[in-house]
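**Student:**
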Amino acid sequence: MRLFFARIKDIIDRLVKFLTRDIWALDFSELSNARKRTVKNAQALLLTARGFGKQRVGREAVALSQFTLLAFVPMVAVILFVTNGVGIEKYLLDSLSESFPSSMPLVEAIRKYADNMVSATHSGAFGWISFLSFLWTIIWLMLNVGIAFNRIWQVKKPRKLWQRLAVSVAVMFVTPFVLVLFFSGWVWYARFIGMVADHLGPLGFIRSNLFWLAFYGIAVLALSIMYKFIPHAKVRYGSALKAAL
676 MRLFFARIKD
686 IIDRLVKFLT
696 RDIWALDFSE
706 LSNARKRTVK
716 NAQALLLTAR
726 GFGKQRVGRE
736 AVALSQFTLL
746 AFVPMVAVIL
756 FVTNGVGIEK
766 YLLDSLSESF
776 PSSMPLVEAI
786 RKYADNMVSA
796 THSGAFGWIS
806 FLSFLWTIIW
816 LMLNVGIAFN
826 RIWQVKKPRK
836 LWQRLAVSVA
846 VMFVTPFVLV
856 LFFSGWVWYA
866 RFIGMVADHL
876 GPLGFIRSNL
886 FWLAFYGIAV
896 LALSIMYKFI
906 PHAKVRYGSA
916 LKAAL
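Next comes the structure, spelled out in structure tokens:
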């Protein structure tokens with residue numbers, strides 16, 4: 676029994692030594708392509724784990740979550756404001772209703788609250804002050820996202836303030852149109868799956884799996900774009916995609 680525990684301890688000691696020292700001194704010219712990729716991925720995981728605590732990523736994530744909750748309803752209000760201005764608000768709301776039929780009370784509550792924010796702009800100067808304060812909440816969220824990403828990526832020189840503000844405003848006005856395209860595609864996808872579901876037979880489980888696969892693909896795409904363009908640094912899309920995965 677002692678010999679068994681001694682062997683286990685020896686294996687653990689060698690593994691710790693390899694992960695803390697030897698892995699950084701490997702000669703890649705002596706490794707195959709598959710082993711090179713494995714070692715590089717292991718090094719990336721180790722650096723990520725080491726930097727997670729050092730860069731206080733957990734604290735940044737909690738702070739960004741709070742900022743996002745604060746800015747969520749104002750962002751919906753801005754989306755409705757922009758879509759109403761170009762005449763596609765009804766199309767967006769219809770797409771939302773068709774995409775989330777089981778969550779209609781929640782969608783309706785958010786829509787009414789956002790409508791109240793938009794209608795406040797008709798109340799004179801104080802209404803516009805309220806609306807602009809909500810607008811600033813969204814810009815504040817985006818600025819803090821950029822600051823957090825730069826801190827995590829150890830970017831010493833951030834973008835100029837006017838550049839960050841310009842990007843934030845552009846994102847606010849582009850997002851509604853992206854959402855319209857997204858929900859239009861989602862409605863088409865739901866209809867297509869509904870049409871073929873009756874013909875799947877015993878393979879009906881594919882329907883729900885395709886739903887989550889599509890959701891995962893959209894989330895990966897959105898995160899990879901954020902990792903690529905938000906930090907004020909040259910980030911290869913391949914690296915951003917790996918991080919998103």
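Residue numbers (the working numbering): 676 to 920.
All C-beta atoms, glycine included, are put in the ideal place defined by N, C-alpha and C.
1. Residue 804 and residue 843: beta carbons closer than 8 Å?
2. Between 767, 821, 720, which has its C-alpha nearest residue 904's C-alpha?
3. Taking the alpha helix (DSSP H) that residue 914 falls in, what are its first and last residues?
4. Do residue 754 and residue 690 have their C-beta atoms closer together than 8 Å?
5. For residue 780, count neighbouring Cβ atoms within 10 angstroms of its own Cβ and tell me buried if that reaches 16, exposed if not.
6. Rounded to whole angstroms, what is the Cα-Cα separation between residue 832 and residue 756?
7. Cutting at 8 Å between CB atoms, please list the residues of its own chain near residue 848, excluding the five before and the five after it.
8. Would you kindly work out how many angstroms separate the C-alpha atoms of residue 711 and residue 698, rounded to a whole number?
9. Within this structure, are the beta carbons of residue 919 and residue 816 separated by less than 8 Å?
10. For residue 902 and residue 895, I'd like the C-alpha separation in whole angstroms.
11. In this structure, does DSSP put residue 715 in helix, strand or coil?
12. In terms of residue numbering, what span does the alpha helix (DSSP H) encompassing residue 691 cover?
13. Taking the CB atoms as reference points, tell me whether residue 818 and residue 839 lie closer together than 8 Å.
14. Would you call residue 837 buried or exposed, if buried means 16 or more other Cβ atoms sit within 10 Å of its Cβ?
15. I need the straight-line Cα distance from residue 721 to residue 702, nearest angstrom please.
16. How would you call residue 863, buried or exposed, if buried means at least 16 neighbouring beta carbons within 10 angstroms?
17. Would the beta-carbon of residue 914 fall within 8 Å of that of residue 770?
18. Considering only the beta carbon of each residue, do residue 830 and residue 908 sit closer than 8 Å?
19. Measure the alpha-carbon distance for residue 888 versus residue 790 and round it to whole angstroms.
20. Hey, how far is the Cα of residue 929 from the Cα of residue 724?
21. Confirm, please, whether the CB-CB distance from residue 752 to residue 824 is below 8 Å.
**Tutor:** Let me spell this out:
1. Counting from 1 along the sequence shown, the entry for residue 804 is found at position 129. Counting from 1 along the sequence shown, the entry for residue 843 is found at position 168. Their beta carbons are not under 8 Å apart, which means residue 804 does not touch residue 843 by this criterion.
2. The residue labelled residue 904 in the question sits at position 229 within the sequence shown. Answer by Cα proximity: 821.
3. For the purposes of this step, residue 914 is taken as the residue at position 239 of the sequence shown. Segment 912 to 919, the alpha helix (DSSP H) holding residue 914.
4. Sequence index remark: in the sequence shown, residue 754 carries index 79 (1-based). Sequence index remark: in the sequence shown, residue 690 carries index 15 (1-based). Not a contact, by the Cβ cut-off of 8 Å.
5. To locate residue 780, count along the sequence shown from 1; it is residue 105. Label assigned to residue 780: exposed.
6. For the purposes of this step, residue 832 is taken as residue 157 along the sequence shown, with counting starting at 1. For the purposes of this step, residue 756 is taken as residue 81 along the sequence shown, with counting starting at 1. Roughly 35 Å separates the two Cα atoms.
7. The count along the sequence shown starts at 1 and reaches residue 848 at position 173. Correct list, in chain order: 757.
8. The residue you call residue 711 lines up with position 36 of the sequence shown. The residue you call residue 698 lines up with position 23 of the sequence shown. So the alpha carbons of these two residues sit roughly 11 Å apart.
9. Locating residue 919 in the sequence shown gives position 244, counting from the first residue. Locating residue 816 in the sequence shown gives position 141, counting from the first residue. Their beta carbons are not under 8 Å apart, which means residue 919 does not touch residue 816 by this criterion.
10. Numbered from its first residue, the sequence shown carries residue 902 at position 227. Numbered from its first residue, the sequence shown carries residue 895 at position 220. In a straight line, the C-alpha of residue 902 is about 10 Å away from that of residue 895.
11. Numbered from its first residue, the sequence shown carries residue 715 at position 40. Judged by DSSP in its simplified three-state form, residue 715 adopts helix.
12. Counting from 1 along the sequence shown, the entry for residue 691 is found at position 16. First-last of the alpha helix (DSSP H) with residue 691: 677 to 695.
13. Taking the sequence shown and counting its residues from 1, the one referred to as residue 818 is at position 143. Taking the sequence shown and counting its residues from 1, the one referred to as residue 839 is at position 164. Taking 8 Å as the Cβ cut-off, residue 818 and residue 839 qualify as a contacting pair.
14. Indexing the sequence shown from 1 puts residue 837 at position 162. Label assigned to residue 837: exposed.
15. Taking the sequence shown and counting its residues from 1, one reaches residue 721 at position 46. Taking the sequence shown and counting its residues from 1, one reaches residue 702 at position 27. One C-alpha to the other measures close to 18 Å.
16. Numbered from 1 along the sequence shown, position 188 holds the residue referred to as residue 863. Looking at its Cβ environment, which holds fewer than 16 other Cβ atoms inside 10 Å, residue 863 is exposed.
17. One-based indexing of the sequence shown puts residue 914 at position 239. One-based indexing of the sequence shown puts residue 770 at position 95. No; because the gap between Cβ atoms is not below 8 Å, this pair is not in contact.
18. As a position in the sequence shown, residue 830 is number 155, starting the count at 1. As a position in the sequence shown, residue 908 is number 233, starting the count at 1. With respect to residue 908, residue 830 sits close: the two C-beta atoms are nearer than 8 Å.
19. For the purposes of this step, residue 888 is taken as the residue at position 213 of the sequence shown. For the purposes of this step, residue 790 is taken as the residue at position 115 of the sequence shown. Rounded to the nearest angstrom, the two C-alpha atoms are 33 Å apart.
20. The question about residue 929 has no answer, for the chain in this structure spans 676 to 920.
21. Translated into the one-based positions of the sequence shown, residue 824 becomes position 149. Translated into the one-based positions of the sequence shown, residue 752 becomes position 77. Taking 8 Å as the Cβ cut-off, residue 824 and residue 752 do not qualify as a contacting pair.
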